[in-house]
Amino acid sequence: MIPVERIEPPDGFEENVRAKGLAWIAGQRQPINKFQPYWTWCEPYLHDAFRGRCGWAAMWITSGWVEHFVSQTECVRRAQPELAYDWYNYRYVMPELNSSKKRWRPVLDPFDVKPGWFRIHLPTFHLVMTDAIPPEYRPLATETLVGLGLDKSVKLLRIRRKWMARYLEGKIQITALDDDFPQLSEAIRALLEAPDADLSEPQREYRAEIIARRQAAGVSVP
Numbered sequence: 105m106i107p108v109e110r111i112e113p114p115d116g117f118e119e120n121v122r123a124k125g126l127a128w129i130a131g132q133r134q135p136i137n138k139f140q141p142y143w144t145w146c147e148p149y150l151h152d153a154f155r156g157r158c159g160w161a162a163m164w165i166t167s168g169w170v171e172h173f174v175s176q177t178e179c180v181r182r183a184q185p186e187l188a189y190d191w192y193n194y195r196y197v198m199p200e201l202n203s204s205k206k207r208w209r210p211v212l213d214p215f216d217v218k219p220g221w222f223r224i225h226l227p228t229f230h231l232v233m234t235d236a237i238p239p240e241y242r243p244l245a246t247e248t249l250v251g252l253g254l255d256k257s258v259k260l261l262r263i264r265r266k267w268m269a270r271y272l273e274g275k276i277q278i279t280a281l282d283d284d285f286p287q288l289s290e291a292i293r294a295l296l297e298a299p300d301a302d303l304s305e306p307q308r309e310y311r312a313e314i315i316a317r318r319q320a321a322g323v324s325v326p
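To get our numbering, take the position in the sequence shown, counting from 1, and add 104.
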């Protein structure tokens, strides 16, 4: 997870989502058990707001879902159905994490995350918490990592290693990772710049591998 900046609702949100949603709610005569998904209109705007990255996995995704931070079920339980059509309740999530988030609550809000709270450990590719996370956020941060599998789920490890393989093979530059997967580019730079004394033997070996493979590909390091 990395910080995400809040932005204002896009032009057209009121008439295309909120007004339609509130009108639909007002017309219900039975308890709500399923909302009309007017929020799908927001997907391209959320994609841009999150710079194309999943709010939790913090990597670029080809397509994402509009995720209700306060779930639709919780909106009904709180007697606040209007939250289902509130721009500020929407987050951008990769489909693979959406189902996990529904099973595991609560989770840390991407909008609450500050720089340096999490880092990718190389060469394991595990996402770990840092000492920068304030004590009051640490329990929720731990639950989020484990519950969503952000720490070391097979699928996310596979994706992280795939990005790294493209970098090692010289197919992408680290500046591309800065945009699409900044947490990985930070991990690469940190490993390359760290004093030997601060690294474990596996880390020193992996650093040497990074340098050797980039040089063999005829590209710069980093």
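Cβ coordinates follow ideal geometry from the N, Cα and C atoms, glycine included.
Short Cβ contact (8 Å threshold) for residue i with residue j
{"i": "residue 281", "j": "residue 288", "result": "yes"}
{"i": "residue 270", "j": "residue 263", "result": "no"}
{"i": "residue 168", "j": "residue 197", "result": "yes"}
{"i": "residue 107", "j": "residue 211", "result": "no"}
{"i": "residue 317", "j": "residue 261", "result": "no"}
{"i": "residue 300", "j": "residue 293", "result": "no"}
{"i": "residue 189", "j": "residue 125", "result": "yes"}
{"i": "residue 315", "j": "residue 323", "result": "no"}
{"i": "residue 223", "j": "residue 290", "result": "yes"}
{"i": "residue 173", "j": "residue 213", "result": "yes"}
{"i": "residue 285", "j": "residue 164", "result": "yes"}
{"i": "residue 215", "j": "residue 311", "result": "no"}
Anticipated Cβ contact below 8 Å, residue i with residue j, distance rounded
{"i": "residue 233", "j": "residue 160", "result": "That pair is no contact at about 14 Å."}
{"i": "residue 254", "j": "residue 231", "result": "5 Å"}
{"i": "residue 229", "j": "residue 181", "result": "In fact, because the Cβ distance is near 37 Å, the residues do not count as touching under 8 Å."}
Euclidean distance between Cα positions of residue i and residue j
{"i": "residue 242", "j": "residue 129", "result": "37 Å"}
{"i": "residue 150", "j": "residue 226", "result": "30 Å"}
{"i": "residue 156", "j": "residue 278", "result": "17 Å"}
{"i": "residue 143", "j": "residue 171", "result": "9 Å"}
{"i": "residue 178", "j": "residue 166", "result": "29 Å"}
{"i": "residue 114", "j": "residue 321", "result": "43 Å"}
{"i": "residue 147", "j": "residue 245", "result": "26 Å"}
{"i": "residue 140", "j": "residue 236", "result": "40 Å"}
{"i": "residue 112", "j": "residue 175", "result": "21 Å"}
{"i": "residue 259", "j": "residue 131", "result": "42 Å"}
{"i": "residue 256", "j": "residue 123", "result": "41 Å"}
{"i": "residue 191", "j": "residue 303", "result": "44 Å"}
{"i": "residue 252", "j": "residue 209", "result": "9 Å"}
{"i": "residue 283", "j": "residue 158", "result": "13 Å"}
{"i": "residue 268", "j": "residue 274", "result": "10 Å"}
Buried versus exposed, by CB contacts within 10 Å (16 or more), residue i
{"i": "residue 133", "result": "exposed"}
{"i": "residue 137", "result": "exposed"}
{"i": "residue 248", "result": "buried"}
{"i": "residue 184", "result": "exposed"}
{"i": "residue 121", "result": "buried"}
{"i": "residue 298", "result": "exposed"}
{"i": "residue 127", "result": "exposed"}
Backbone secondary structure at residue i - three-state DSSP
{"i": "residue 221", "result": "coil"}
{"i": "residue 133", "result": "coil"}
{"i": "residue 150", "result": "helix"}
{"i": "residue 268", "result": "helix"}
{"i": "residue 313", "result": "helix"}
{"i": "residue 195", "result": "strand"}
{"i": "residue 308", "result": "helix"}
{"i": "residue 249", "result": "helix"}
{"i": "residue 273", "result": "coil"}
{"i": "residue 170", "result": "strand"}
{"i": "residue 231", "result": "strand"}
Test: residue i CB closer than 8 Å to a CB of chain C
{"i": "residue 296", "result": "No chain C is part of this structure, which consists of one protein chain only."}
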